[in-house]
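Q: Mind looking over this structure? Questions follow.
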Amino acid sequence: MISLSVSVIDIEGPTLLYQNHIASEIFTGVISLFNSTLNPRTQNVITFHQRRNSHCAFSLALIFPISQNPKTSAISHSHSHSHTEKREMLRSILRAATATSSKPKSKPKPHSWTLQSSPIPTVPPPQYSFSTARNYSVKNAKSTTATKGKKGKFNKSGEDAAPAEVDMAVSEAQARARRLAMDEKDPTLNVGPNGLPLFTSTPSLSLLSHKDTCSYFKFSMESLKSALPEGLPTGMVKEFEDSLRPALLVRQSFLDLRDNFRRIVDPPLTLSHSKGPKVRKQVVLDGPVSCGKSIALAMLVHWARDEGWLVFYVPRGRDWTHGGFFYRNPNTGLWDTPLQAENVLKDFLKWNESHLKQLPCQINDPIPLGEGAGVGQLKDVDNMAMPEGSTLYDLVNTGIKHTHAAVGVVVRLRKELSLVKNIPVLIAIDQYNSWFTLSEYEEAVKVHSRQPVHARELTMVNAFRSMMHDDMMVGAFSHSTAIGKLRKDLPDVPEDARVNCPRYTLDEAASVCHYYLRQRLVQHEVFSEENWKKVYYLANGNGSEMRGLVPFMRQST
């Protein structure tokens with residue numbers, strides 16, 4: 001609905017003649033009449049303003065310049081009669097408009113020109129951020145909206161082609177999924193290289209042996225989400241999405257890692273001087289990009305939890321050094337990150353709740369309190385005492401409910417885990433190398449200068465990073481985080497803790513390519529030993545690159 005306010009204003013004395021809501025066609029007719037009848041010296045001024053209810057209001061002001069100069073008084077007097085007639089004519093028009101406003105509207109007659117309403121663009125108010133720049137880690141989000149050049153032409157054909165390609169890809173994926181569902185009824189397709197079974201029949205990770213290497217172990221998504229509620233590694237998720245099956249290759253590197261920790265908890269009945277692999281309580285998984293470090297760590301955590309162990313699993317160690325609030329604790333000189341602490345405690349409680357309820361707290365000291373997530377520090381309260389007879393479940397739950405105690409609870413939990421003797425305890429940290437470099441946080445040095453905060457200066461990282469203890473701990477490096485290569489002798493890490501994970505061997509690559517053939521990532525017509533070996537050598541055993549290159553196999557000429 002267009003609201004129109006029509007008024008005639010005299011410079012000597014503004015007088016409001018009429019104001020009412022009328023239709024836009026009447027307003028157009030009034031303007032046409034003014035243009036045809038008023039003196040050429042009369043100025044028609046149309047102004048626009050935006051009301052709060054988003055209706056556009058038009059105001060027509062007719063300004064009659066009446067000069068007060070004596071030299072022009074005669075001219076003004078000679079035209080006074082014509083001005084009076086025109087004002088009376090305007091009053092009659094507006095009375096007619098009032099009388100016809102209640103009648104049904106008829107279709108407007110076509111005019112040689114029409115007045116169209118165009119709302120005035122309003123400038124949006126500035127967005128204010130109330131988070132402190134020094135104590136909250138934020139990154140400017142990059143705009144993903146493509147900007148069109150001033151002289152660029154709109155490519156409509158390219159825009160229409162993009163949805164068509166997406167629809168085609170979706171239809172092909174759906175057709176592939178239907179064919180794979182039908183293939184499940186034919187067990188003869190589950191054949192690997194040299195006619196060996198492609199999938200192992202071993203029911204659990206604990207029973208896997210050397211004879212199961214180079215075969216695939218089937219998982220169920222329900223069991224994976226149950227055993228790894230903290231989240232799956234990115235490489236594992238990508239493998240499942242591309243192959244359309246939750247299955248992983250059984251590698252000798254995983255079996256060696258599993259057997260290493262198994263021998264710690266259940267030593268073999270052999271002589272101590274017999275030759276055998278060295279047992280390590282602290283292990284750092286290192287190796288080239290996409291060699292399976294994170295997947296091996298996740299499978300180890302899955303196996304340990306199936307065995308009934310208490311596992312502290314961090315699938316994204318980089319999150320401990322990026323994002324959220326951070327405050328310097330005046331008592332320790334370290335930087336507290338309460339948001340990360342709360343998330344870590346929630347993840348730890350998902351799988352280990354039943355174990356934690358049976359483990360009593362062995363440290364009775366009160367928990368130090370710090371600043372909460374965006375709420376500052378409590379007044380006149382420095383610590384919180386735990387009731388007698390509290391369990392580790394009560395301790396973790398306290399850190400979740402009270403944000404001021406979250407960081408203190410995480411530090412206390414690390415000490416409590418070292419004192420647990422009833423069940424095996426494993427600490428597993430993925431992206432472990434992000435704890436040996438600079439964090440995202442910055443400390444203000446001067447008014448216009450800042451310096452980055454090292455990860456070791458963070459309270460939580462400082463509590464969990466060290467491997468100089470007798471606890472079982474494994475950390476996996478992640479080169480996808482673009483941290484860079486670290487030196488070989490890392491601080492707080494034993495010299496012999498680093499273990500290199502190899503990329504695919506030729507035998508493993510053969511099983512992988514046959515598995516992708518089984519999952520219809522490549523057509524049977526183009527699959528051959530020569531072609532899959534080309535893929536293997538081209539990717540240099542990189543699992544992620546091999547998965548991306550397999551669909552591009554072509555018939556040899």
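Quick note: full-length UniProt numbering has the sequence shown finishing at residue 557, numbered continuously throughout. All C-beta atoms in this analysis are idealised placements derived from N, C-alpha and C, irrespective of residue type, glycine included. Since this is a predicted model, take the numbers as computed values, not measurements.
(1) Taking 7 Å as the line, does the beta carbon of Val526 fall inside it for any heavy atom of the ligand GTP?
(2) Could you give the distance in angstroms between the alpha-carbon of Asp266 and the alpha-carbon of Gln282?
(3) Closest by CA to Pro197, which one among Glu442, Ala296, Val381 and Ser215?
(4) Given that a residue counts as buried once 16 or more other Cβ atoms are within 10 Å of its Cβ, and exposed if not, what is Val289?
(5) At 3 residues or longer, and completely inside the stretch 422 to 502: list those beta strand (DSSP E) runs for me, N to C.
(6) Per the DSSP calculation, Phe217 is bridged to which residue(s)?
(7) Can you tell me which of Asn542, Gly323, Asp489 and Glu508 puts its alpha carbon nearest to the alpha carbon of Asn194?
(8) Quick check on DSSP: helix, strand or coil for Asn383?
(9) With a threshold of 6 Å on Cβ separation, who are the neighbours of Ser112 within its own chain once the five nearest residues in sequence on each side are excluded?
(10) Under 8 Å: do the stretch 457 to 471 and the stretch 418 to 428 share three or more Cβ pairs, one atom per stretch?
(11) Taking the alpha helix (DSSP H) that Val237 belongs to, which residues open and close that run?
(12) Specify whether the stretch 443 to 452 and the stretch 385 to 401 touch according to this definition: at least 3 beta carbon pairs, one from each stretch, less than 8 Å apart.
(13) Cα-Cα, which of Ala164, Ser171, Leu205 and Phe312 is closest to Ile423?
(14) Across which residues does DSSP place Asp266 in a beta bridge pair?
(15) Might you give, ordered along the chain, the residues of its own chain that have their beta carbon closer than 6 Å to the beta carbon of Leu517, omitting 5 neighbours on each side?
(16) What ranges does the beta strand (DSSP E) occupy inside the stretch 279 to 336, keeping only unbroken runs of at least 3 residues that lie completely in it?
(17) State the CB to CB distance for the pair Ser206 and Asp306, rounded to an integer number of angstroms; the pair is presumed to be in contact (CB under 8 Å).
(18) Taking the alpha-carbon positions, what's the Ala247 to Gln362 distance?
(19) Check for me: the alpha helix (DSSP H) holding Cys513 runs from which residue to which?
(20) Between which two residues does the alpha helix (DSSP H) carrying Met546 extend?
(21) Evaluate His524 with the Cβ neighbour count: other Cβ atoms within 10 Å of its Cβ, from every protein chain shown; 16 or more gives buried, anything less gives exposed.
(22) Short of 8 Å in beta carbon distance, which residues of its chain neighbour Leu180, apart from the five on each side in sequence? Order them along the chain.
(23) My output table needs one value for Phe527: the three-state DSSP class, helix, strand or coil.
(24) Run through the DSSP bridge pairs and tell me what Val191 is partnered with.
(25) Specify whether the stretch 328 to 340 and the stretch 452 to 462 touch according to this definition: at least 3 beta carbon pairs, one from each stretch, less than 8 Å apart.
(26) Quick check on Gln174: buried or exposed, where buried means 16 or more other Cβ atoms within 10 Å of its Cβ?
(27) Is the beta carbon of Ile429 sitting closer than 8 Å to the one on Gly399?
(28) Do the CB positions of Gly374 and Phe326 come within less than 8 Å of each other?
(29) Which same chain residues, not among the five before or five after Val381, have their C-beta less than 7 Å away from its C-beta?
(30) In terms of alpha-carbon separation, which member of Met236, Leu538, Phe261 and Ser209 lies closest to Gln252?
(31) Given Met546, which residues of its chain have a CB within under 6 Å of its CB, disregarding the five upstream and five downstream residues?
(32) Within the continuous alpha helix (DSSP H) that includes His355, where are the two ends?
(33) Report the three-state DSSP secondary structure of Pro366 (helix, strand or coil).
(34) Determine the DSSP secondary structure at Gly399, reduced to helix, strand or coil.
(35) Would Val410 pass as a contact of Leu345 if the rule is Cβ separation under 8 Å?
(36) Considering just the uninterrupted stretch of the alpha helix (DSSP H) at Ser413, what are its terminal residues?
A: Looking at the atomic coordinates:
(1) Judged by which ligands are present, the structure shown has none, so any question about the ligand GTP falls away.
(2) 16 Å
(3) Ser215
(4) exposed
(5) 425 to 430, 438 to 444, 450 to 454, 472 to 476 and 498 to 500
(6) Leu248
(7) Glu508
(8) strand
(9) For Ser112, the pLDDT reaches just 38, beneath the cut-off of 50, and the residue's location in the model is therefore unreliable, although a value from the coordinates is still provided. Cβ neighbours of Ser112 beyond the five flanking positions: none.
(10) yes
(11) Thr234 to Ser243
(12) no
(13) Phe312
(14) DSSP lists no partner for Asp266.
(15) Phe527
(16) 282 to 286 and 310 to 314
(17) 6 Å
(18) 41 Å
(19) Leu506 to Arg518
(20) Gly543 to Leu549
(21) exposed
(22) Leu244, Arg245, Gln519 and Arg520
(23) coil
(24) Pro197
(25) yes
(26) exposed
(27) no
(28) no
(29) Leu369
(30) Ser209
(31) Val535 and Ala539
(32) Pro338 to Leu356
(33) coil
(34) helix
(35) yes
(36) Going by the sequence as given, residue 413 is Leu instead of Ser. Ala406 to Ser418 is the span of the alpha helix (DSSP H), which, as asked, contains Leu413.
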